[in-house]
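Enquirer: For the sequence shown, the working numbering assigns the number 1 to the initial residue and increments by one for each residue that follows.
Note that the Cβ used here is the ideal one computed from N, Cα and C, for glycine as well.
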Amino acid sequence: MTQTPDTPAPWLHIVGIGEDGLAGLTPATRAVVEAAEVIVGGDRHHDLSGSITAERIAWPSPFDTMIDTLRAQKGRRVVVLVTGDPLWFSVGARIGRAIDPAEITYHPQVSAFQLAAARMGWSLADVETLTVHGRPVEQMIAFIQPDARLLILTTGEETPGQIARLLAERGFGASRMTVLAAMGGADERRFDGTAADWAHQVPAFNTLAVDCIAAPDAALLPRVPGLADALFQSDGTMTKQEVRAITLAKLMPMRGALLWDIGTGCGSVAIEWMRAARYASAIGIEPRADRRAMAAANALALGAPRLELIAGEAPGALVGLAPPDAVFIGGGLNAEVFTAAWAALKPLGRLVANAVTLETEAQLLDLNKRHGGQLVKLAVTRAEPVGTLMGWRPLMPVTQWSLVKR
């Protein structure tokens, strides 16, 4: 990087280190670590660099005070030691969001994913790389697909067993699982088995490889929106499968984007939004406690455990929420709710509102006249038993209004 008078000089070095310790660092990176006045890291990082004389700082508790701890050391030669690649599911990315990256020099190391892929003989381009380290294990459910290969950074010794149960419960008990521990070090270990019979006691620090194998009766839960209605706990008031798929297409889930689901009910739209794109998040606003409970249970079962649920009604409940990238109004639409949601929506944000009743449809027609957008009438008819025969049974038609904020 070219330095200018206004460019801050790097003072913070974030160094990836493996099980082989200092010996695995390049000469230039090792020189940086050996010259450090302060080394910040976890116990294992300090153990791996124990021959160096420097002031040692452990990860602060609570961990959220880490940035203040680092900033307090500015003006000294500071090294943060992390495991593997500092910018791949690592604290290095978090530090880079809080401290100007121009003040940081990153020193990458071979990641646990690269090591695990090499041990398994898998192409990294053909696997999903996930982490449940310090995060709900249920996050991986959305990635359970026939023939999928997953590399997962785990939370501890109990995590592989938890993931094995999630696989088995969904008809993927034959999936092959491999735990790799202390990769690249003298104590490297490997444990192999299947999800159905997993019983290994493994070290707390490990990486899990899963080769998903589906039984004939396995649950098929694609990340493409349109999950079967029966997969959701519901009191019957929900956006039905076919309409939900169209609704999500108009909402356009994108990586890291936030959805407001106003009148979330059982959470079906918010959950499918989160499943459809990596790191997508959603806030569900729902006044009824029983429906919020159903939404929370559905989110846990379907791999969206970070769904945030808020008790209340719009527009009041919208005050103070993070600005959304998309808004879905599935219930409680009126001019005041639209005005508040539209004002909060980011540029290029998408708003979709569905109406079943004539009264709500009339409001959609009026809003469409004033703001433009697209109106669509959705009519779904399903084949269902009629006595001993089959007949067509129509669902209530849905009027859908969608528009993009430009």
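Is any heavy atom of the ligand MG found at a distance shorter than 6 Å from the C-beta of ASP229?
Expert: Ligands are entirely absent from the displayed structure, and the ligand MG is therefore not among its contents.
Enquirer: Helix, strand or coil: which one does DSSP assign to PHE205?
Expert: Numbered from its first residue, the sequence shown carries residue 205 at position 205. Residue state, collapsed to three classes: coil.
Enquirer: Looking only at C-alpha atoms, which of GLY96, ILE95, ILE152 and ALA355 sits nearest to GLU128?
Expert: Residue mapping note: residue 128 aligns to position 128 of the sequence shown, counting from 1. Closest option to GLU128, Cα to Cα, is ILE152.
Enquirer: How about the stretch 167-184 and the stretch 315-333: do they share at least three Cβ pairs that are nearer than 8 Å?
Expert: no
Enquirer: Would the beta-carbon of ALA112 fall within 7 Å of that of THR29?
Expert: For the purposes of this step, residue 112 is taken as the residue at position 112 of the sequence shown. For the purposes of this step, residue 29 is taken as the residue at position 29 of the sequence shown. Not a contact, by the Cβ cut-off of 7 Å.
Enquirer: Straight-line CA distance for MET1 to GLY226?
Expert: Walking along the sequence shown from the start, residue 1 turns up at place 1. Walking along the sequence shown from the start, residue 226 turns up at place 226. Interpretation of MET1 is limited by its pLDDT of 49, a score under 50 that renders its predicted location unreliable; the figure taken from the coordinates is listed afterwards. Rounded to whole angstroms, MET1 to GLY226 spans 47 Å at the Cα level.
Enquirer: Pick from GLY50, GLY134 and LEU180: whose alpha carbon is nearest that of ALA209?
Expert: Along the sequence shown, read from residue 1 onward, the residue named residue 209 stands at position 209. For ALA209, the nearest C-alpha among the options comes from LEU180.
Enquirer: Alpha carbons only, please: which of GLY316, ILE67, LEU22 and SER61 is nearest the one belonging to SER51?
Expert: The count along the sequence shown starts at 1 and reaches residue 51 at position 51. Distance from the Cα of SER51 is smallest, within the candidate group GLY316, ILE67, LEU22 and SER61, for LEU22.
Enquirer: Who are the near neighbours of PRO315 in its chain, counting only those whose CB is closer than 6 Å to its CB and skipping five residues on each side?
Expert: For this step, residue 315 is matched to residue 315 along the sequence shown. Result list for PRO315: GLU336, VAL337 and ALA340, in chain order.
Enquirer: Cα separation between LEU12 and ALA35?
Expert: Within the sequence shown, the letter at position 12 stands for residue 12. Within the sequence shown, the letter at position 35 stands for residue 35. For LEU12 and ALA35, the gap between their C-alpha atoms comes out near 12 Å.
Enquirer: Within the same chain, show all residues whose beta-carbon is closer than 8 Å to that of GLU313, passing over the 5 residues directly before and after it, in chain order.
Expert: Taking the first residue of the sequence shown as position 1, residue 313 is located at position 313. The answer, listed in chain order, is ILE285, PRO287 and GLY332.
Enquirer: Beta-carbon within less than 8 Å of ASP290's beta-carbon, same chain only, minus the 5 sequence neighbours each way: which residues are those?
Expert: Residue mapping note: residue 290 aligns to position 290 of the sequence shown, counting from 1. Counting only Cβ-Cβ distances below 8 Å, and skipping sequence neighbours, we find ASP235.
Enquirer: By a C-beta neighbour count over all protein chains shown, 10 Å radius and 16 as the cutoff for buried, is TRP392 buried or exposed?
Expert: In the sequence shown, counting from the first residue as 1, residue 392 sits at position 392. Per the 10 Å Cβ criterion, exposed.
Enquirer: Assuming ASP211 and ARG176 are in contact, meaning their beta carbons sit under 8 Å apart, how far apart are those beta carbons, in whole angstroms?
Expert: Locating residue 211 in the sequence shown gives position 211, counting from the first residue. Locating residue 176 in the sequence shown gives position 176, counting from the first residue. That belief holds up - the Cβ atoms of ASP211 and ARG176 are roughly 4 Å apart, short of 8 Å.
Enquirer: Can you tell me whether DSSP reads ASN368 as helix, strand or coil?
Expert: Residue 368 sits at position 368 when you count from the first residue of the sequence shown. The answer is helix: DSSP assigns ASN368 an H, G or I state.
Enquirer: Can you tell me whether DSSP reads ASN354 as helix, strand or coil?
Expert: On the sequence shown, residue 354 is found 354 positions in, with the first residue counted as 1. If DSSP states are grouped into helix, strand and coil, ASN354 belongs with the strands.
Enquirer: Taking the C-alpha atoms as reference points, what is the distance between PHE416 and LYS369?
Expert: Outside the displayed range of the chain (1 to 406) lies residue 416, so it cannot be described from this structure.
Enquirer: Please return the same chain residues whose Cβ sits closer than 7 Å to the Cβ of ASP192, not counting the five positions on each side in sequence.
Expert: The residue you call residue 192 lines up with position 192 of the sequence shown. For ASP192, where only same-chain residues beyond five positions count, the Cβ hits under 7 Å are THR178.
Enquirer: Could one say the Cβ of CYS266 lies closer than 7 Å to chain D's Cβ atoms, at least one of them?
Expert: The structure shown contains no chain D, having only a single protein chain.
Enquirer: Taking only the alpha-carbon atoms, compute the straight-line gap between ASP126 and GLN145 and give it to the nearest angstrom.
Expert: For the purposes of this step, residue 126 is taken as the residue at position 126 of the sequence shown. For the purposes of this step, residue 145 is taken as the residue at position 145 of the sequence shown. Looking at the backbone, the Cα of ASP126 and that of GLN145 are separated by about 13 Å.
Enquirer: Helix, strand or coil for TRP342, going by three-state DSSP, please let me know.
Expert: Here residue 342 refers to the residue found at position 342 when the sequence shown is read from its first residue. The answer is helix: DSSP assigns TRP342 an H, G or I state.
Enquirer: Considering only the alpha carbon of each residue, which of THR155, ALA379, ALA296 and ALA326 lies closest to ALA353?
Expert: Here residue 353 is taken as the residue at index 353 of the sequence shown, counted from 1. With distances taken between Cα atoms, ALA353 lies closest to ALA326.
Enquirer: So ALA304 packs on MET274, CB below 8 Å; how close in whole Å?
Expert: Along the sequence shown, one-based indexing puts residue 304 at 304. Along the sequence shown, one-based indexing puts residue 274 at 274. Confirmed, about 4 Å.
Enquirer: Could you tell me which of PHE328, ALA301 and LYS405 sits nearest to ALA230, measuring between CA atoms?
Expert: Stepping through the sequence shown from its first residue, residue 230 is reached at position 230. It is ALA301 whose Cα lies nearest to the Cα of ALA230.
Enquirer: Would the beta-carbon of GLY57 fall within 7 Å of that of VAL40?
Expert: In the sequence shown, residue 57 corresponds to position 57, counting from 1. In the sequence shown, residue 40 corresponds to position 40, counting from 1. Residue 57 is actually Ile in this sequence, not Gly. Their beta carbons are under 7 Å apart, which means ILE57 touches VAL40 by this criterion.
Enquirer: Excluding the 5 residues preceding and the 5 following ASP43 in the sequence, name in chain order all residues of the same chain whose CB lies nearer than 8 Å to its CB.
Expert: Within the sequence shown, residue 43 is the residue found at index 43, counting from 1. In the same chain as ASP43, and ignoring 5 residues on each side of it, the C-beta atoms closer than 8 Å to its own belong to ALA58, in chain order.
Enquirer: Measure the alpha-carbon distance for GLN201 versus GLN162 and round it to whole angstroms.
Expert: By 1-based counting over the sequence shown, the position of residue 201 is 201. By 1-based counting over the sequence shown, the position of residue 162 is 162. Cα to Cα, the separation comes out at about 12 Å.
Enquirer: Give the straight-line distance between the Cα atoms of PRO323 and ILE283, rounded to the nearest whole angstrom.
Expert: Taking the first residue of the sequence shown as position 1, residue 323 is located at position 323. Taking the first residue of the sequence shown as position 1, residue 283 is located at position 283. Going from the Cα of PRO323 to the Cα of ILE283 covers about 11 Å.
Enquirer: Going by the DSSP bridge assignment, what does THR237 pair with across the sheet?
Expert: Translated into positions along the sequence shown, residue 237 becomes position 237. The partner list for THR237 (beta bridge, DSSP) is empty, contrary to what the question assumes.
Enquirer: Excluding the 5 residues flanking SER90 on each side, which residues of the same chain have their C-beta closer than 8 Å to its C-beta?
Expert: In the sequence shown, residue 90 corresponds to position 90, counting from 1. If we look at SER90 and ignore the five residues flanking it on each side, its Cβ neighbours are GLY16, VAL82, THR83 and GLY84.
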